[in-house]
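Notes to accompany the following structure.
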Amino acid sequence: MSVDLNALKAPGPTITALTQPFWDAVAQGRLKIQHCEDCGTAVFYPRPICPHCWGKRLVWKEASGQGQLKSFSQIHKPGHPAWLPAAPYVVGLVELAEGPTMLSFILPGERPPRVGDALQLAPTAIGGRVLPAFKSVETATEETPT
Amino acid sequence: MSRAKGAIVGIGELKPQRLTSGVTTLEMIAEVSRLAVFDAGLEPGAIDGLLVGPQVGETPQHVPATIAEYLGLAPTMANVVDLGGASGAGMVWRAAAAIEAGMCETVLCVLANNREEAAPRSPNRNPIREFDVPFGASGANISYALLMQAHMAEHGSTAKDFALIAAAARANGQLNPDAIFYGKPADVEAVLASPIIASPLHLYEIVMPVAGGEAVVVTSAERVRSLRKPTVHLLGAGEKVTHRAVSQAPSLTSGPLKSAMARALAQSGTRADEMDLLSLYDCYTIMVATTIEDAGLCAPGQFGAWLRDHDLTHNGDKPLNTHGGQLGFGQPDLAGGMTHVVEAVRQLRGEAGERQIGKAALALVTGNGATMSEATALVLGAA
Ligand SMILES: [Zn+2]
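Chain order of the listed sequences is A and B. Numbered per the working numbering, the first sequence finishes at 1452, counting up by one with no gaps. Numbered per the working numbering, the second sequence finishes at 384, counting up by one with no gaps.
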C-alpha cells in the first residue's frame, strides 16, 4: 500500500454535539471514551445513556490506546469507490483494553495481521483528517523465539 | 372474536421544542425510553420487545436493530410500525399481540423526532456511518468477512469448509430453472478460484443481487379448512435482535438465531435434527455455517465435518435450501429472505416437482438481517 491515505476523498465521520469530545481528542491523536459512573462500564460508541444500566452519569476518560485484534479483513473490493486507490487495505475489530470493541483501520506491519495480535493506537491522517487507526505491537521479545 | 390483551405500565414524554440543535433522533429515543422504562419501575434488561417508527434519513434501514444496539437491548420481537399518526396506537395492540403469541413479555413502544433548523449535509447519521465508514468499512461484505475470519481463527475452519456451502447451493440451483445460476454450477474448486472480495470471502460465497419478488398469505386456523391448497401450519416462531454494527456484536461466532431457533423449536415441540427441510438464510457462506452450529446440528466449529457427513440435495438425508438458496437463486433484496419461506411451503405441500424431497412434514426456516444481528426462525409443518 503506497497510496497517500490522506489524499483519499473518503467520507469522514458525521460528528454530532454528543460525539464531538471523541473526535476532538482524536484530532489531537488521543482516544477518549465514555465511562458510566453508575455501573462502572466503559462505553463505545458515545451515547447519552449507558447501554448497560441506562444511567446518565457518563464521563469522558482517556483510553490506554491498547487493544487486541478480534478479527480483520483485507479489502480488495471496497464498498465505497473513494477507497479504491487504497485497496488492498486492512480493517479490523479492535477490542480495547477498557472493554468495548471498535472497528478501525489496521496499518500495514512487518507481517500480515493475525487474530489475537496486540495493537496500539496509531493516529493516522486519512481522507484529510486524523482517525484513530491501530498498528500491531511488534516488540523485540515477540520476534525472538524462547 | 377474541381481543388483544395487555396493559400499559410506563410512560415517557419529552418537553416539546420548536427546534433542536445538534441532537439526533437516536439520542431523543434514548432519553424518552429511559423515562418510560424507569416510570414503570423496570430495569432496561426487562425489555424484550421493541416497536419503533421508520427513521427514514437518519437511519434509513435496520431501524429496530440500530435502536436496540444504541439502547443495549436484545429484544426477542422487534418491528417498525409505519402507520403515520396511527403508529403510536398501532404499536399498542401489536405489542399485546406479540406478548399473547409468546414472543416477548415487555415491549418498549417509542417514537421521537428531532427538528433541526437546517437539515444536516449527510442525513444518514447513524453510528455505523460515523464510526465505521470513515475507516473504509462500507457494506455488508466486510462485516461478513470479519465474522468468517473470526470463525476460522477460533475454530480452525478452512476456506474449503465454507466453499462446500456455496457449491451445494449452486448444485441445488441446477434443479430450479428460475435460479439465477441455473445452468451455472460451481464446484468447490471454482468457488475457491473466484476472486477474493474481502479476505477470506470469495465472490461465489456472496449472493448475487437481482430483481424479484416473493409473497405469502397467512390466515386463521379456522379459515384454512375452507381453502383448496394443502395447509402449511406455523408451528413455532422465534426472533432476536442484538446489534446493528459488527463491532457491537456480542459474539462473532454465534448469532441471535441461536436463541430465535431455540424458541421456535420449543414452541413447536420439535428438534432441529428432525427437520425434513432446512431452509436457512444464506446471504454468505458464513451465515449457513453459523446457523448449522447455532441450531445444534453439530458442535461449535464443526460445520465443515457436518457438511461432509450429509447429502444436502433434495433426495439426500439433510435437504438444505433445495431452491438453490440465495447463493444459487439470487438475492432479490429483502425478498431474498422470503425465498426460504416460499420454498419450504412448496416442499411441505409436495409441489416442488423435480426437486421434491421425500418425507415433507417439518421445515426449519431462518431469516437474518444486517450483520448476523436480526434473526427470525420459523418451524413450519404440513397438515
Ligand atoms: Zn452503566
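Quick reminder that beta carbons are idealized off the backbone N, C-alpha and C, glycines included. Note that this is a predicted model, so its numbers are computed, not measured.
What residues match up with residue i in a beta bridge as DSSP calls it?
i, result
"H234(B)", "G382(B)"
"H203(B)", "I197(B)"
"C110(B)", "L52(B)"
"Q1374(A)", "E1401(A), A1424(A)"
"I1381(A)", "Y1395(A), A199(B)"
"W1366(A)", "Q1340(A)"
"Q332(B)", "P210(B)"
"K1441(A)", "Q1426(A)"
"V1277(A)", "The first residue shown for chain A is 1307 and the last is 1452, placing residue 1277(A) beyond what the model contains."
"A376(B)", "K241(B), N369(B)"
"L321(B)", "L279(B)"
Report whether the distance from the Cβ of residue i to the nearest heavy atom of ligand 3 is below 8 Å.
i, result
"T254(B)", "Absence of ligand 3 from the depicted structure is noted, with ligand 1 being the only ligands included."
Rounded to the nearest angstrom, how far is the Cβ of residue i from that of residue j, given a contact under 8 Å?
i, j, result
"F136(B)", "V1397(A)", "6 Å"
"P1406(A)", "V1349(A)", "6 Å"
"P186(B)", "A160(B)", "Contact doesn't hold; Cβ gap of about 19 Å is too wide."
"N127(B)", "E206(B)", "With a Cβ gap of about 27 Å, N127(B) and E206(B) do not count as contacting."
"P65(B)", "L51(B)", "5 Å"
"L278(B)", "A361(B)", "7 Å"
"H1382(A)", "I68(B)", "Their Cβ separation, rounded to whole angstroms, is 33 Å, which puts H1382(A) and I68(B) out of contact at 8 Å."
"T262(B)", "A296(B)", "Checking the sequence, you will find Met at residue 262(B) rather than Thr. Yes, they are in contact, since the Cβ atoms of M262(B) and A296(B) sit about 5 Å apart, within 8 Å."
"A146(B)", "S1379(A)", "4 Å"
"P231(B)", "G351(B)", "7 Å"
"I30(B)", "V108(B)", "Not confirmed; about 15 Å, so no contact."
"A1388(A)", "P1317(A)", "7 Å"
DSSP three-state call for residue i: helix, strand or coil?
i, result
"A1446(A)", "Here A1446(A) scores only 39 on pLDDT, less than 50, and its place in the model is too uncertain to base an answer on."
"P210(B)", "strand"
"P1451(A)", "Legend: pLDDT at P1451(A) = 44, less than 50; position of this residue unreliable, value from coordinates given subsequently. Three-state DSSP puts P1451(A) in coil, outside helix and strand."
"T292(B)", "helix"
"G239(B)", "strand"
"L365(B)", "strand"
"P1429(A)", "coil"
"A386(B)", "A question about residue 386(B) goes unanswered here, because the residues of chain B that appear run from 2 up to 384."
"I287(B)", "helix"
"V10(B)", "coil"
"V33(B)", "helix"
"R4(B)", "coil"
"Q303(B)", "coil"
"M59(B)", "Met is not the amino acid found at residue 59(B); the sequence shown has Glu there. Coil, per DSSP."
"A1349(A)", "The residue asked about is misnamed: residue 1349(A) is Val in this sequence, not Ala. Reduced to three states, the DSSP call for V1349(A) is strand."
"S248(B)", "helix"
"M1408(A)", "strand"
"T21(B)", "strand"
"H156(B)", "helix"
"V343(B)", "helix"
"A273(B)", "helix"
"F182(B)", "coil"
"G337(B)", "helix"
"Q1326(A)", "helix"
"E215(B)", "coil"
"V192(B)", "helix"
"L313(B)", "coil"
"W1360(A)", "coil"
"Q1334(A)", "coil"
"L147(B)", "helix"
"S260(B)", "helix"
"M360(B)", "One point to set straight first is that residue 360(B) is Lys, not Met, in the sequence displayed. It is coil, neither helix nor strand."
"T254(B)", "coil"
"A1313(A)", "helix"
"P1319(A)", "coil"
Could you tell me whether any Cβ in chain C is nearer than 9 Å to the Cβ of residue i?
i, result
"S195(B)", "Looking for chain C here will not work: the only protein chains present are A and B."
* Could you name the residues of the region 1382 to 1398 of chain A whose beta carbon sits closer than 9 Å to any beta carbon of chain B, in the order they occur along the chain? => H1382, K1383, P1384, G1385, H1386, A1388, W1389, A1392, A1393, P1394, Y1395, V1396, V1397, G1398
* Compile a chain-ordered list of the residues in the region 69 to 85 of chain B whose CB is closer than 9 Å to at least one CB of chain A. => E70, Y71, L72, G73, L74
* Runs of alpha helix (DSSP H) wholly within the region 63 to 145 of chain B (minimum 4 residues, chain order) -> 64 to 72, 88 to 101, 128 to 132
* Positions along the region 1317 to 1337 of chain A whose CB lies within less than 8 Å of some CB in chain B -> P1317, G1318, P1319, T1320, I1321, T1322, A1323, L1324, T1325
* To do: Residues of the region 122 to 138 of chain B with a CB closer than 7 Å to any CB of chain A: list them in chain order, please.
  => S123, R126, P128, R130, E131, F132, D133, V134, P135, F136, G137, A138
* **the region 275 to 288 of chain B: positions lying closer than 7 Å to chain A by Cβ** => none
* To do: Quick one: which residues of the region 186 to 210 of chain B get their C-beta closer than 9 Å to a C-beta of chain A? List them in chain order.
  => P196, I197, I198, A199, S200, P201, L202, L204
* Chain-ordered residues of the region 1413 to 1434 of chain A with a beta carbon less than 9 Å from chain B -> R1420, V1421, G1422, I1432, G1433
* Below 7 Å between beta carbons is the criterion; list the residues of the region 1342 to 1357 of chain A that meet it against any residue of chain B, in chain order. => Y1351, R1353, P1354, I1355, P1357
* Asked: What are the residues of the region 333 to 365 of chain B that lie near chain A, defined by any Cβ-Cβ distance shorter than 7 Å?
  -> none
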